[in-house]
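Asker: Structure provided below as structure tokens; questions to follow.
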Amino acid sequence: MEPVISLSGVTAELGGRPVLRGVDLTVGPGEVVALLGPNGSGKSTSVRAAVCQVPLTGGELRLFGTPVRRFRAWQRLGYVPQRSTAAGGVPATVREVVTAGRLARRGLRPLGRADRAAVRDALEQVGLADRAGDPVDSLSGGQHQRVLIARALTTSPELLIMDEPLAGVDLASQRILADTLREQVGRGVAVLVVLHELGPLEPLIDRAVVLSGGRVERVVEHSSELPADHACHPHDELDPSVVPPLQTGIL
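Add 845 to a position in the sequence shown, counting from 1, and you land on the number used in the numbering used here.
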């Protein structure tokens, strides 16, 4: 079956410095692929390139079989970024942040009944329906991450791209996130996820791609075959105290 995402010989630069050096990567329908590797290996740049946040300097990116320059069906893709920037000093509730995922696909058209139902369903999926009216600043790190996932789920994506969803998240929240992801995989959603360690997501992983120096170092067809000293180190993970607040923009 045709991959839902395909990177072929992809190269990219940040600040004039090569970061990706010929990355080949595919994710098939319903497949869960983990991107592993130490800090600076190119994991986050790979997924940011996949959602056009980092321009390619070479190679080809296809989404659902379509070259990215011609791809328009962005509602088929859900993106969960790292918690990297504050809300710009503007107070926002959990519901407002999650609704942003739906608004980004509708433009300036007002929300309808189906949109509001999609927001409610997404909040229920991540277990935050009872916190919908709370300010995001009142949430824990794990709850922040669940808000970002809910925002990505509002369009019922066929491909979910997640950038370090377990970073700085306590074990209990990691398990909730794993349950949410398991439900999506059960619905046939394909997943590309950046991880420092597999944690509770390990049973869901079909294939692991280990990056090093902006290149694919090796591909492991089953996560259980990863050696104990594989290239993703738990001590690289951000300490919860230094994880920046929730990013409320869609990308």
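Just so you know, even glycine gets a beta-carbon here, dropped at the ideal spot from N, CA and C. Note that the structure is a prediction, hence the values are computed from the model and not measured.
1. Can you give me the Cβ contacts of Arg940 inside the same chain, cut-off strictly under 6 Å, excluding the 5 residues immediately before and after it?
2. Identify whether Arg914 lies in helix, strand or coil by the three-state DSSP scheme.
3. If I'm right that Leu1004 touches Ala1035 with Cβ under 8 Å, what's the distance once you round it to whole angstroms?
4. Rounded to whole angstroms, what is the Cα-Cα separation between Ser891 and Thr1000?
5. Thinking just about the alpha-carbon of each residue, which of Thr902, Leu908, Gly887 and Gly903 is nearest to the one in Val896?
6. Just curious, the alpha helix (DSSP H) that Ala857 is in, first and last residue?
7. One question on the structure: do Val971 and Thr1025 come within less than 8 Å of each other, judged by their Cβ atoms?
8. Expressed to the nearest angstrom, what Euclidean distance is found between the alpha-carbon atoms of Leu956 and Gly1031?
9. Work out the CA separation of Glu969 and Ile994 for me, nearest whole Å.
10. On the three-state DSSP scale, how would you describe Leu1040?
11. Rounded to whole angstroms, what's the CA-CA distance from Glu858 to Leu1011? Just pull it up for me.
12. Taking just the CA atoms, how far does Pro1045 sit from Arg1020?
13. Given that a residue counts as buried once 16 or more other Cβ atoms are within 10 Å of its Cβ, and exposed if not, what is Gly854?
14. Apply the 10 Å Cβ neighbour rule to Leu1016 and answer buried if 16 or more other Cβ atoms are within range, or exposed otherwise.
15. State the Cα-Cα distance for the pair Asp1008 and Arg958, rounded to the nearest angstrom.
16. Report all residues from its chain with a CB closer than 6 Å to the CB of Thr944; omit the five preceding and five following residues, and keep chain order.
17. Could you spell out the range, first to last residue, of the alpha helix (DSSP H) harbouring Ser891?
18. Am I right that Ala1053 and Leu881 are in contact with their C-beta atoms under 8 Å? What's the rounded C-beta distance?
19. Determine the DSSP secondary structure at Glu1062, reduced to helix, strand or coil.
20. On a CA-only basis, which of Asp966, Val872, Pro863 and Leu1022 is nearest Arg1064? Give me that one, please.
21. Report the option in Gly860, Met846 and Glu876 whose CA atom is closest to the CA atom of Leu1049.
Answerer: In short, the structure shows the following:
1. Ala977
2. helix
3. 5 Å
4. 23 Å
5. If you compare the alpha carbons of Thr902, Leu908, Gly887 and Gly903 with that of Val896, the shortest gap goes to Leu908.
6. Element bounds for Ala857: not the alpha helix (DSSP H) but the beta strand (DSSP E), Ile850 to Leu859.
7. yes
8. 28 Å
9. 11 Å
10. coil
11. Roughly 26 Å separates the two Cα atoms.
12. Approximately 6 Å between the Cα atoms of the pair.
13. Gly854 is exposed by the Cβ-count criterion.
14. Exposed is the call here.
15. One C-alpha to the other measures close to 31 Å.
16. Val964
17. Segment Lys888 to Ala895, the alpha helix (DSSP H) holding Ser891.
18. 6 Å
19. In this structure, Glu1062 counts as strand in the three-state DSSP scheme.
20. At residue 1064 the sequence reads Val, which differs from the Arg that was named. Nearest of Asp966, Val872, Pro863 and Leu1022 to Val1064, Cα basis: Val872.
21. Glu876
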